[in-house]
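In full-length UniProt numbering, the protein residues as written are 1 to 123. Beneath this line is the structure, given in structure tokens, with notes to follow.
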């Protein structure tokens, strides 16, 4: 675990603990503030993850916006490329990006350009 990861985990635990304590005291403003801090921390972690080249199953699931079991099913069905050097499953960032871009839906203008190129080339 990297030092920044340990700090993030400690901060996450601190914030989670304080949210639970505030629920008991019913301090809505403080509770909402801590939840906002927690959301921002998760956003920062996702941004840090995007700079990495290799992801664990849980990290990859966050990156592509799926739950871990759904991503595991994609692995099981061989719909996404992964590596499994031991018990842990790993994903390369480029493979995750390819999966995300696999089902790109073209715009109408792109379809029109494709159709006009096809008509011209078939003449």
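Every residue gets a Cβ at the ideal spot worked out from N, C-alpha and C, and that includes glycine.
- request: Could you tell me if residue 91 is buried or exposed, where buried requires 16 or more neighbouring beta carbons within 10 angstroms of its beta carbon?
  value: Your numbering for residue 91 matches position 91 in the chain shown. Answer is buried; the Cβ neighbour count reaches 16.
field: Under 8 angstroms between C-beta atoms of residue 38 and residue 12
entry: Along the chain shown, one-based indexing puts residue 38 at 38. Along the chain shown, one-based indexing puts residue 12 at 12. Contact flag set, yes.
field: Nearest candidate by alpha-carbon position, reference residue 95, set 14, 61, 106
entry: Within the chain shown, numbered from 1, the residue matching residue 95 stands at position 95. That would be 61, whose Cα lies nearest to the Cα of residue 95.
field: Coarse secondary structure for residue 94, derived from DSSP in three states
entry: Locating residue 94 in the chain shown gives position 94, where the first residue counts as 1. Three-state DSSP puts residue 94 in a helix.
- prompt: Going by beta carbon distance, what residues of the same chain come within less than 6 angstroms of residue 93, once the five residues before and after it are set aside?
  reply: In the chain shown, the residue the question calls residue 93 occupies position 93. Non-local C-beta neighbours of residue 93 in its own chain, meaning closer than 6 angstroms and more than five positions away in sequence, comprise 53, ordered along the chain.
Contact set for residue 100: own chain, Cβ-Cβ below 7 angstroms, skip 5 residues either direction: Here the question's residue 100 lines up with position 100 in the chain shown. Result list for residue 100: 64, in chain order.
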